[in-house]
Amino acid sequence: MTQQVQGWQFLEDGTFLLNRPEATKELYFPLANEAGMMAAITPRLHGDSKTGQHHFLLPPVSVEDLHNTKSARNFWFFLDGYGPWSVTGNTPRQILAQEQESVSLRAGFLWHQITRENQALGLKCEVTNLVPANEDRVELMKVKITNTGEREVTLTPTAAIPIYGRSADNLRDHRHVTSLLHRIMTTQYGVVVTPTLIFDERGHRANRVAYAVFGADGQGQPPVGFFPVLAEFIGEGGTLEWPQKVVENSDDFRGAGQQIAGYEAVGALRFASLRLKPKETKSYIIIMVIGPHDTDFEALVRKYGQESAFDQYWQANRRYWQEKLARLSFHTGEQNYDDWLKWVTIQPILRRIYGCSFLPHHDYGRGGRGWRDLWQDCLALLLIEAADVRHLLLNNFAGVRIDGSNATIIGTKPGEFIADRNNIPRIWSDHGVWPLLTTKLYLDLTGDLAFLLAEQTYFKDHLTHRAKAIDQQWTAADGNKQKDRHGRVYRGTILEHLLLQNMTAFFNVGDHNNHRLEGADWNDALDLAPEKGETVAFTSFYAGNLLELSRLLAALRDRLHLETVELATEMMILFDSLAGRVDYDSPSAKRALLNKYFDSCRHTVAGTKVAVKIDDLIADLNAKAEWMVQHLRKNEWVINKEGFAWFNGYYDNDGQRVEGDHPKGVRMTLTGQVFAIMSGVATDEQVQKIVQAADHYLLDKEIGGYRLNSDFRELKLNLGRAFGFAYGHKENGAVFNHMAIMYAYALYKRGFVREGRFVLNTLYRHCCDFAKSRIYPGIPEYFNAQGRGMYHYLTGSASWFLLTLVTETFGIKGDLGDLIIEPKLTKDDFGSGGRLAITTYFAGRKLTVAYENPEHLDYGAYRIGTIEFNGQERREITPGASVRIKRELLTQLPAAQELNLVVVLTANRDRIN
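Next up, the structure:
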């Protein structure tokens, strides 16, 4: 009989409790700090710990390894008269008799605690793990054992942490050979492994990193000995689940000061036996370290190696994350939702730390983030910690190539981009849209229009013509910065970078006059249509971008009183209307012009600039954007035989339209609708029809979210690998939260508030339905066909959820520095309470905006009636459908002063003209 699944529940401040967590497979939890220590931990303390692709303390794992506990963090007590008892439940005896033990999980920001109690043995143990929120790359673990029985017991404690100590590449490649590099040393408190080399057949290098496991009891007393060699510890025929030295309670351990070379290592620490009286407790501290080979390890033991020290850093950890998350908080009247949103809020920070590769579901990639991630993560970071984002954005623009494409190998340092080394010259068609989206949010929040005039370099490598040609003159010795014909590094304004990305996209079209799909777009799995594939979806996005650039140019003219801006001489080719307009209806003419531009900057640029009238640029951009909008509305609007209508999103590699009626069933994609709505390409009437079609063909009525596409029932090798995936999984028709939330954002933006709210609310409800989602609080990348959350924590879904809530639902947004209050809250949002609030930062000041809805009005039936500004009404604030508060009104207040606004909503019948 299937036992009813009990979900997690919140306790306080986002901390949650889950009973029997080990009964759910694939659960994992992040433990990390901003110094770069990255760990994952499961209810059985499996998972790994690392600082990057080449420095793993614990063996690397993917989600499919999590059920195998052989390499988990472990801690045993050998109980006289019984034998070994694993406090993590990893011994075969416990796995087969789980009903004898009660297990619960408590977890918070960012700490993880498992409590296991065996009533038959009269023992209870709490195991708490965390990564301290400081500069140290360590993971801490406290094991607290309590005698809950009625008799004194004799226990012998042994900790065992496998020390992998090398690159994830060596998990299969040269696994044994690299163990021969290990130099193992025992110290007073633990085991240190320092490999001699970083094994790389392209060129071996001396290793400078050490991996260590130390331990002490709660009073700081060291272990009595060690079993540092894995094979000796587990014994012949043994495993890490049932190690011979523990099972036999062996005392032939090694002392401090020994050195062993050439074996797999384990941080197996034997502590002194103890007699534990009823109700008595004893604690042990384990310190797992990755650091330079000359690290002062004894100092780390002094710092962390007592229970009082552990508890101190645990509390500091909780304060650190709570204070960071308090910069953005919601008060909706539903405490569960408010606490859940805290976990969504931490996710963009986690992705900045982990990148896209260092949690178990993210078993692709070798670390770092992609180009798209750099920009989308900044959306949420601007809402949470905006202070450093200007510098971050400026650095990111150094990845743009002069041909409008960008680097795809991103270094670990801000603004570090690396030439392609793997001979996979892939260009994503959507990469050019994201920098403007993020930059516009930054400009709206700050009013820093001068940022557009700041200069930055361009990225340069051997690829040119959007990876369709090779610059034979370029060598690695030339470096990765674009140079002019005099050998000087060329720099252009941020405005120039943005114009380049979006103007080249206008001309980079396929035979149906839409933006070429190239290697793929946002859906990375649409990767098999590089010749004739087209992304209609992102053609819409680029059209919206051209209009946005036009508005920014007008702001430079009107606010900074500029009549001209300087652009690279070669770029004048792209502003064709200034010298004789190309026939926009001719794809071949547009491609010819683009190739002319590419040829002009194949290796170097002239290094000269032209002062161009802003009004002329605006006219050119508007002409291009208007042509795109009309082209899409005329040629890509699909009406099928059932009477539903929506936008086609793609053409395949045979040049065939993808969406609409098909012999194998109706084909529709969500992506094709999102950006047509968001950009304004879709009219209001078309948005209504899109919603009807999406509800009919894409809405998953079980999960509640929207699928990424309908079932094509075909292995479309002329479009992408996505269609090799089983339908309902990942990019082939999963409820893909990332795109679904962008759909919600687009609907809110266009005033379809109830429809947008439905998307967000159903996803939230499903996330909290643990019996179906099987995830901890937060939002995953997608839900599979069973409704299980996949690729948790490291996803752009969180950034878009927060952006939608803050700027659209609660309506707290900027307009080139001014604060705009434009709520799109429904009557259901207010529930029975009639009051909602949001806390965020604007103009460097903490801002809390509370909405009161005393008449319980629905969206569309209310306007802003009054606003109290720190308890007072201000005459310069005019009520209406939205309210603008000039930035000067905020910045003239002391920087430390908190701003509290109370916004009272009244019926539209009271509208003031």
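Position 303 (the sequence shown) corresponds to 761 in the working numbering; numbering is contiguous.
Using N, Cα and C, we set each Cβ at its ideal position, and we do this for glycine too.
Computed from a predicted model, the values in this text were never measured in an experiment.
Quick one: is residue i buried, meaning 16 or more other Cβ sit within 10 Å of its Cβ, or exposed?
| i | result |
| --- | --- |
| residue 1336 | exposed |
| residue 937 | exposed |
| residue 655 | exposed |
| residue 1168 | buried |
| residue 887 | buried |
| residue 1054 | exposed |
| residue 1318 | exposed |
| residue 736 | exposed |
| residue 1349 | exposed |
| residue 1255 | buried |
| residue 461 | Residue placement at residue 461 is flagged as unreliable, the pLDDT there being 46, under the threshold of 50; the coordinate-derived value follows with that caveat. Exposed, by the Cβ-count rule. |
| residue 677 | exposed |
Hey, is residue i close to the ligand SAM, as in C-beta under 8 Å from one of its heavy atoms?
| i | result |
| --- | --- |
| residue 1064 | This structure simply doesn't include the ligand SAM, nor any ligand for that matter. |
Do you know offhand how far residue i's Cα is from residue j's?
| i | j | result |
| --- | --- | --- |
| residue 639 | residue 590 | 30 Å |
| residue 980 | residue 653 | 41 Å |
| residue 568 | residue 628 | 29 Å |
| residue 1051 | residue 1007 | 21 Å |
| residue 696 | residue 491 | 35 Å |
| residue 592 | residue 763 | 16 Å |
| residue 1032 | residue 749 | 51 Å |
| residue 1117 | residue 584 | 55 Å |
| residue 622 | residue 616 | 19 Å |
| residue 787 | residue 1276 | 21 Å |
| residue 967 | residue 989 | 11 Å |
| residue 1193 | residue 848 | 34 Å |
| residue 1363 | residue 789 | 17 Å |
| residue 1197 | residue 1165 | 9 Å |
| residue 1205 | residue 1177 | 28 Å |
| residue 606 | residue 829 | 54 Å |
| residue 1370 | residue 1311 | Bear in mind that a pLDDT of 39 at residue 1370, under 50, signals an unreliable position, so the number given afterwards is only what the model happens to contain. Rounded to the nearest angstrom, the two C-alpha atoms are 18 Å apart. |
| residue 730 | residue 1304 | 53 Å |
| residue 1087 | residue 1321 | 32 Å |
| residue 706 | residue 1249 | 41 Å |
| residue 1044 | residue 1259 | 40 Å |
| residue 1365 | residue 852 | 45 Å |
Check each candidate in the options and name the one with the smallest Cα separation from residue i.
| i | options | result |
| --- | --- | --- |
| residue 1111 | 1212, 1103, 1340, 992 | 992 |
| residue 1231 | 1163, 546, 671 | 1163 |
| residue 753 | 837, 668, 795 | 668 |
| residue 1306 | 1312, 1294, 1316 | 1294 |
| residue 816 | 521, 708, 482, 1328 | 521 |
| residue 1282 | 1289, 1211, 1243 | 1211 |
| residue 771 | 1062, 599, 1361 | 599 |
| residue 690 | 710, 679, 681 | 710 |
| residue 722 | 637, 506, 776 | 637 |
| residue 717 | 642, 932, 657, 829 | 642 |
| residue 1438 | 683, 612, 649 | No statement about residue 1438 is possible, as the shown extent of the chain runs from 459 to 1371 and does not include it. |
| residue 995 | 1135, 1242, 505 | 1135 |
| residue 818 | 998, 487, 1005 | 487 |
| residue 470 | 1265, 565, 963 | 565 |
| residue 1296 | 1265, 1225, 1313 | 1265 |
| residue 544 | 579, 517, 518, 514 | 579 |
| residue 541 | 1181, 500, 497, 703 | 703 |
| residue 609 | 596, 475, 581, 630 | 581 |
| residue 701 | 739, 466, 618 | 618 |
Give me the Cβ distance between residue i and residue j, rounded to the nearest whole Å; I'm assuming they're in contact under 8 Å.
| i | j | result |
| --- | --- | --- |
| residue 1217 | residue 1240 | About 14 Å separates the two Cβ atoms, so there is no contact after all. |
| residue 1150 | residue 1102 | 6 Å |
| residue 909 | residue 952 | 6 Å |
| residue 1067 | residue 1001 | With 8 Å as the limit, residue 1067 and residue 1001 do not qualify as a contact, their Cβ atoms being about 27 Å apart. |
| residue 1021 | residue 1015 | 7 Å |
| residue 489 | residue 530 | At roughly 14 Å, the Cβ-Cβ gap does not stay under 8 Å, so residue 489 and residue 530 are not in contact. |
Hey, is residue i's beta-carbon within less than 9 Å of any beta-carbon in chain B?
| i | result |
| --- | --- |
| residue 656 | The structure shown contains no chain B; it is built from a single protein chain. |
Considering only residues of the segment 790-832, which uninterrupted alpha helix (DSSP H) runs meet the minimum length of 4 residues and lie entirely inside it, listed in chain order? 793-812
Entirely within the segment 494-557 and at least 4 residues each: give me those alpha helix (DSSP H) ranges in chain order. 550-554
Pick out the complete beta strand (DSSP E) segments inside the segment 1245-1329, 3 residues or longer, and give them in chain order. 1270-1273, 1276-1279, 1293-1300, 1303-1310, 1320-1327
Could I get the ranges of all uninterrupted beta strand (DSSP E) runs contained in the segment 1066-1117, with 3 residues as the minimum, in chain order? 1067-1071, 1095-1097, 1103-1105
Ranges of the beta strand (DSSP E) found wholly within the segment 986-1030, counting only runs of at least 3: 1022-1026
Quick check for students: name the residue ranges of the alpha helix (DSSP H) that lie wholly in the segment 674-721, counting only runs of 4 or more. 688-692, 702-705
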